[in-house]
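Data block below; observations after.
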Amino acid sequence: MFYTKFRAIMDTKDNSFQQVQGVPIVLTGSATDMSDFKLSPFRAFTGGFPTAIVPRFLLRKYWYPRVPTNGDGTAKYAPYGLRKIEAVLIREFGEQTVAVAHPSNLEKFVGPETKVIGVSSMEPAGTGFVSRTYTSLVGFGGEPVAAAEFRDLITKPILRKWGAKIVLGGSGAWQIHNSKLQKKYRIDCIVMGEGEKTAVKIFRKALNGEELPRVVETEPPNPKEISCIVNPSIFGTVEITRGCGRGCKFCSPMMRKRYSFPLEHILKEVELNAKNGTRMIILAGEDIFLYRCNNKFLPNREAVVELINSIASVPGVEFIQPAHAALAPVVYDPEIVEEIGPVLREKSYWVTDKTRHSSVEVGIETGSIRLVKKYMPGKMLPYKPEE
Ligand code: SF4
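For the sequence shown, the working numbering assigns the number -6 to the initial residue and increments by one for each residue that follows.
Dropping the structure here:
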């Protein structure tokens, strides 16, 4: 595999190995998105800090160093969303047609044969809640680090050198659209929403040299057709559920149909990550207790316990980090935490005073019945707001 991909990107006719021919589809992300922040998912939130605090050349070296590379120069780890798109593109167009690279390695993959560069984004304009919260808390320093890194990436001359189309996707793509930065950043197409189904159409058009739509709102994929990733993700991220359904007025996962991935699908991705040395597994989803819950939001203790125990027993999994959890399911069934708690503690990355403790992010919660009814009508399910 290494040899064939290497041939695909280098001109070997004169044996000079000088001229990069380019891979037809190159996928990348900014320096902050393409780092594991030294294996600390919470440190990654500091991408929302203002740039004036520490010079970025120091941050790149010591705070968010680039992910390691494979022998052919591709990125060993990449954001999970980018890996999902990579998987569907490889399935459709073949492995030799797609390369995922850190921004500092783009020169090795972008050449005259490159037709399209897909850029993943999380916080490209610094207008998400993380950046806004941190910049206002810190109170000075202007542009968030993540936005500055995105600007550095999107203005790199190599992106435009051979006339490849630039397609922007990822959870932060809306920021560029809303901030009216598409023209300034010379982005051909912004893709917003779940990408699996629509990405193939957009990238096929780009490969054929056809015009791309300026902005695309995606069609949701059939969950049963969502591919497993085929290369490891940063933080060993695996998706356990997609969508939510609790109905908060301010939330985009709310728009997606709730779906729990089958255990075999999840374990396949866990095994791939663990085998490739991610050490950590992040369980991506809006609330771990939504995993195979019923349609009245009653948590499914057996399923959650089986999920955690199965992942914990995969060789190579040192740490398990659930991304999010709501409080109402814990009130409904405290035993669920009693059962998974010891395993999560044992597999926790966090140690304070020589004691391991597990953590999870809880979203916005409130004790105000008025606010719950007005903005988060399903947040407390399976209870009523008054309860
Ligand atoms: S509970 Fe969280 S993920 Fe679900 S709709 Fe509300 S804010 Fe969104």
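Using N, Cα and C, we set each Cβ at its ideal position, and we do this for glycine too.
All values reported here derive from a predicted model rather than from experimental measurement.
CB contact flag (residue i, residue j, <9 Å)
i: Ile195; j: Ile259; result: no
i: Glu187; j: Arg235; result: yes
i: Pro137; j: Phe42; result: yes
i: Lys340; j: Glu311; result: yes
i: Val16; j: Thr90; result: yes
i: Pro292; j: Pro322; result: yes
i: Ala316; j: Ile275; result: yes
i: Lys158; j: Leu82; result: no
i: Val60; j: Arg76; result: no
i: Arg84; j: Ser220; result: yes
i: Val112; j: Val160; result: yes
i: Lys377; j: Glu358; result: no
i: Gln168; j: Gly119; result: yes
i: Gly162; j: Ile110; result: no
i: Arg294; j: Glu328; result: yes
i: Tyr368; j: Phe243; result: yes
i: Lys31; j: Pro58; result: yes
i: Val209; j: Ile183; result: yes
i: Ile333; j: Val297; result: yes
i: Ser172; j: Gly74; result: no
i: Asn201; j: Thr230; result: no
i: Gly135; j: Thr62; result: no
Start-to-end residues for the alpha helix (DSSP H) that takes in residue i
i: Lys261; result: 256 to 268
i: Gln168; result: 166 to 171
i: Ile362; result: 362 to 368
i: Arg153; result: 150 to 154
i: Tyr325; result: 321 to 325
i: Gly334; result: 328 to 339
i: Leu291; result: Counting along the chain, Leu291 falls outside any alpha helix (DSSP H), and DSSP gives it neither H nor E.
i: Val138; result: 138 to 147
Beta-bridge partners of residue i, as assigned by DSSP
i: Lys190; result: Lys190 is not bridged to any residue.
i: Ala68; result: Thr62
i: Phe35; result: DSSP lists no partner for Phe35.
i: Val208; result: Ile183
i: Gly314; result: First, the residue type needs correcting, since residue 314 is Gln and not Gly in the sequence shown. According to DSSP, Gln314 bridges with Ile275.
i: Gly111; result: Leu20, Val160
i: Glu218; result: None, per the DSSP bridge assignment.
i: Cys252; result: Checking the sequence, you will find Tyr at residue 252 rather than Cys. In the DSSP output, where bridge partners are listed per residue, Tyr252 has Arg235.
i: Thr345; result: Thr348
i: Pro225; result: Paired residue(s): none; Pro225 is not in a bridge.
i: Val355; result: Ala318
i: Pro43; result: Pro137
Residue from the options with nearest C-alpha to residue i
i: Phe282; options: Glu299, Gly270, Ile274, Thr271; result: Glu299
i: Asn269; options: Val323, Phe228, Leu256; result: Phe228
i: Lys217; options: Met373, Glu189, Gln175; result: Glu189
i: Glu264; options: Ile151, Ser253, Val297, Ile313; result: Ile313
i: Gly87; options: Pro370, Phe30, Ile18, Ile46; result: Ile18
i: Gln191; options: Asp280, Asn215, Lys177; result: One point to set straight first is that residue 191 is Thr, not Gln, in the sequence displayed. It is Asn215.
i: His95; options: Ala277, Ile147, Leu174; result: Ile147
i: Asp280; options: Thr107, Ser97, Leu374; result: Leu374
i: Leu20; options: Pro213, Thr107, Arg179; result: Thr107
i: Trp343; options: Arg49, Arg36, Pro48, Thr62; result: Arg36
i: Thr271; options: Ala71, Tyr57, Arg49, Gln14; result: Ala71
i: Gly356; options: Glu212, Arg53, Cys241, Val231; result: Cys241
i: Leu52; options: Ala139, Pro34, Gly74, Leu337; result: Ala139
i: Ala166; options: Glu232, Phe38, Ser97, Thr211; result: Thr211
i: Gly40; options: Gly121, Ser253, His170, Val13; result: Gly121
i: Lys154; options: Gly22, Arg338, Gln14, Val330; result: Gln14
i: Lys54; options: Ser97, Glu380, Ser352, Phe38; result: Ser97
i: Ile233; options: Val330, Lys261, Arg207; result: Lys261
i: Gly22; options: Ile46, Ala45, Phe50, Leu152; result: Leu152
i: Gly393; options: Glu257, Gly238, Asn288; result: With the chain covering only -6 through 380, there is no way to say anything about residue 393.
i: Met273; options: Ser245, Gly309, Asn288; result: Gly309
i: Glu257; options: Val336, Ile301, Asn287; result: Ile301
i: Arg338; options: Arg349, Val330, Thr345, Arg197; result: Arg349
i: Pro335; options: Ser352, Gly360, Tyr178; result: Ser352
i: Pro34; options: Glu380, Leu364, Glu354; result: Glu354
Residue i: first and last residue of the uninterrupted beta strand (DSSP E) it sits in
i: Gly74; result: Premise fails: Gly74 lies in the alpha helix (DSSP H), 73 to 86, not in any beta strand (DSSP E).
i: Val93; result: 91 to 93
Interface flag, residue i vs chain D, CB-CB below 9 Å
i: Asn293; result: No chain D appears in the structure shown, which is made up of a single protein chain.
- Task: Report yes or no: do the segment 24 to 32 and the segment 137 to 156 share at least 3 C-beta pairs separated by less than 8 Å?
- Result: Verdict: yes, contact present.
- Query: Counting Cβ pairs closer than 8 Å, one from the segment 93 to 109 and one from the segment 66 to 74, do we hit at least three?
  - Reply: yes
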